[in-house]
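Each step along the sequence shown adds one to the number in the numbering used here, with nothing skipped, and position 149 is 154.
Even glycine gets a Cβ: it sits at the ideal position worked out from N, Cα and C.
Keep in mind it's a predicted model, so treat the numbers as computed, not measured.
Some notes on the structure that comes next.
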Amino acid sequence: MITKRQKQILDFIKSFKKKSGFAPSFEEIKKHLKLSSVSTIHFHIKKLQNEGYLNKGENQPRSLSIYESKPMLQIPLAGTIAAGLPIEAVQEKETIAIPRNRLSPNGNFYALKVAGNSMVDENINDGDIVLVKEQSTANNGQKVVALIDNYKATLKTFYKEKKQVRLQPANKNFEPIIIKNNEKKITIQGLVVDVIKSRQKLQINKRKLSRTKNKKYSVLPLNKIICGDATEVLKRIPDNTIDLIVTSPPYDKIRKYNGFSYNLHNTGKQIYRILKEGGIAAMVIQDQTKNFGKSLTSFRTIVDWCDNIGFKLFETVIYKKHGAEGAWWTKRFRVDHEYIPIFLKGERPQYFNKEPLKIPSKHGGKTMTGCATRLTSGKTLISKKVTINPLKCRGTIWDYVTCGDGSRLKHQHPATFPNKIPYDFIQCFCPNDGIVLDPFIGSGTTALAAIELERNYIGVDMSKEYCELTRKRIKKEGIKTKRLF
Ligand SMILES: C[S@@+](CC[C@H](N)C(=O)[O-])C[C@H]1O[C@@H](n2cnc3c(N)ncnc32)[C@H](O)[C@@H]1O
Numbered sequence: 006m007i008t009k010r011q012k013q014i015l016d017f018i019k020s021f022k023k024k025s026g027f028a029p030s031f032e033e034i035k036k037h038l039k040l041s042s043v044s045t046i047h048f049h050i051k052k053l054q055n056e057g058y059l060n061k062g063e064n065q066p067r068s069l070s071i072y073e074s075k076p077m078l079q080i081p082l083a084g085t086i087a088a089g090l091p092i093e094a095v096q097e098k099e100t101i102a103i104p105r106n107r108l109s110p111n112g113n114f115y116a117l118k119v120a121g122n123s124m125v126d127e128n129i130n131d132g133d134i135v136l137v138k139e140q141s142t143a144n145n146g147q148k149v150v151a152l153i154d155n156y157k158a159t160l161k162t163f164y165k166e167k168k169q170v171r172l173q174p175a176n177k178n179f180e181p182i183i184i185k186n187n188e189k190k191i192t193i194q195g196l197v198v199d200v201i202k203s204r205q206k207l208q209i210n211k212r213k214l215s216r217t218k219n220k221k222y223s224v225l226p227l228n229k230i231i232c233g234d235a236t237e238v239l240k241r242i243p244d245n246t247i248d249l250i251v252t253s254p255p256y257d258k259i260r261k262y263n264g265f266s267y268n269l270h271n272t273g274k275q276i277y278r279i280l281k282e283g284g285i286a287a288m289v290i291q292d293q294t295k296n297f298g299k300s301l302t303s304f305r306t307i308v309d310w311c312d313n314i315g316f317k318l319f320e321t322v323i324y325k326k327h328g329a330e331g332a333w334w335t336k337r338f339r340v341d342h343e344y345i346p347i348f349l350k351g352e353r354p355q356y357f358n359k360e361p362l363k364i365p366s367k368h369g370g371k372t373m374t375g376c377a378t379r380l381t382s383g384k385t386l387i388s389k390k391v392t393i394n395p396l397k398c399r400g401t402i403w404d405y406v407t408c409g410d411g412s413r414l415k416h417q418h419p420a421t422f423p424n425k426i427p428y429d430f431i432q433c434f435c436p437n438d439g440i441v442l443d444p445f446i447g448s449g450t451t452a453l454a455a456i457e458l459e460r461n462y463i464g465v466d467m468s469k470e471y472c473e474l475t476r477k478r479i480k481k482e483g484i485k486t487k488r489l490f
């Protein structure tokens, strides 16, 4: 809504332009309205601009132009809604201009980009934008944005039934979401009031992008560090080309990393696409603790990548850290582990060599008598003395000493993992002629392990500073003569 004063300004600009053929200056508007300061005019012009009534050229005098078409309303683009995932907020405060007559005069509205196909029969398609009216109640048959358990957002048709709520997709390939009374928390975030079919526009943009920025590499950028957003860079890598991903994403914004953010769901989709059948993605991850509760990001990501992207969870390894000696944590246990979920694309790993990962047996070399084997008949066999192997198969707790990687350059990055982590994964899951990729390369630890093991690598990081750091580290430390492991 604009004020009476703003309407007067708008009318004056119109009549002035009609008479003189050009727009009035701010000084002329001030004089005409008998206002005391030009800054008040600036304020009103900004408001009129935001409301979609007029446009103003940057730093140009007399550059006000009135929109001839219907006034536009700027509404916030709150983010992307994908079935069952938290709304992924847009980074900047983005708004989109909507013709005023598409929205009712009352209420607060926001827009969401749709990801997924669960509402296609209602003509709401992937890439469309839905306009949502903020509201916490809904009638049966209305399309709603619902939040389940405080974090899973979904766009479905709402039905309140006897002992349950049914959120009905409009696609026969999707099951309805049933929420029994008191079983889970469900809140209505708003009603869908309109859909903007941005498909055409998006397709044009996509085509443009694919011709330039997103064009797939015809030759893979092997042994290179690429500066850019992980998801965008991975889009350029052709399908089924990478053998192994070893990475540690910037989880839960624990550290700011020069303020970059990321999207683990979309990165996961790209990782799945570029991995070869039988390829592996190992991700070092932990949860942030806030008010005595864990964020659960690691668990959610595991479930998301398996349920929504198609990975199998091959194993979750616990990476045991040692931390500072004598450190005392006052309010909770000292966290001395991270998770390393190991995701598998396809039926079985294409390459699996755990021989180099063997660990010493506690009693290696000793001759011992084990427990006697009991048969199903109840009888026991006479136990035999055996000599214990000096090495045994590694388990699922991997113990790494974090200090001692001995690189001054590496210490310039705030959150590195031990050199030995990618080193172990490469030996185990990457064939000799394989390619290892780290989409969040940081200080370059994965690249250095690949160089040491004579595998090809690709590293990506959004920060120019860290890309430079990695390149420096590779130059200085990535030489065979200087063993790092
Ligand atoms: C946990 S660190 C990785 C450290 C690395 N494993 C090492 O040992 O040096 C995460 C890295 O992700 C980068 N990053 C953050 N958002 C990104 C994005 N959207 N795309 C690519 N890199 C990103 C940060 O700059 C940071 O260097």
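With 16 or more other Cβ atoms inside 10 Å of its own Cβ, Thr162 counts as buried. Distance from the C-beta of Ser448 to the nearest heavy atom of ligand 1 is below 7 Å. Per DSSP, the continuous beta strand (DSSP E) segment holding Cys232 begins and ends at 229 to 232. Just measuring C-alpha positions, the residue of Asp341, Pro174, Val170, Val197 sitting nearest Ser123 is Pro174. Remark: the shortest separation between the CB of Ala175 and any heavy atom of ligand 1 does not fall under 7 Å. Checking the DSSP bridge columns, you'll see Pro346 partnered with Thr321.
Nearest to Asn145 by C-alpha distance, out of Tyr164, Asn228, Phe27, Thr392, is Tyr164. Judged by DSSP in its simplified three-state form, Leu414 adopts coil rather than helix or strand. Within the same chain, Gly351 come within 6 Å of Glu282 by CB-CB distance, once the 5 residues on both sides are set aside.
Here Leu59 is bridged, per DSSP, to Ile71. Going by DSSP, Pro104 is part of the beta strand (DSSP E) stretching over 100 to 104.
Between the stretch 306 to 321 and the stretch 229 to 242 there are fewer than three C-beta pairs closer than 8 Å, too few to call the two in contact. By alpha-carbon distance to Ser448, the top candidate from Glu457, Cys472, Phe434 is Cys472. The C-beta distance from Ala102 to Gly57 rounds to 5 Å, short enough to fall under 8 Å. Counting the other CB atoms within 10 Å of its CB gives Phe297 a total below 16, which places it among the exposed residues. In the DSSP assignment, Phe17 falls within the alpha helix (DSSP H) that extends over 9 to 25. The three-state reading of DSSP puts Gly273 in helix, counting H, G and I together. By a beta-carbon distance limit of 8 Å, Gln140 does not contact Ile201. Their separation comes to about 19 Å. Within 7 Å of the C-beta of Val465 there is at least one heavy atom belonging to ligand 1. Counting along the chain, Val391 sits inside no alpha helix (DSSP H); it lies in the beta strand (DSSP E) bounded by residues 390 to 392. Looking from the CA of Lys469, the closest CA among Ile247, Lys295, Gly233 belongs to Gly233.
Where Tyr356 is concerned, there is no enclosing alpha helix (DSSP H), because DSSP gives it neither an H nor an E. Nearest Cα to Asn394 within the set Lys415, Ser30, Lys371, Thr401: Lys371. Between Leu225 and Thr246 a beta carbon distance of about 6 Å is seen, short of the 8 Å cut, so the two are scored as contacting. Where Gln432 is concerned, the enclosing alpha helix (DSSP H) starts and stops at 425 to 434. Nearest C-alpha to Gln169 among Pro81, Ile182, Ile242: Ile182.
Under a 10 Å Cβ-count criterion, Pro423 is classified as buried, with 16 or more other Cβ atoms of the shown protein chains found around its own Cβ.
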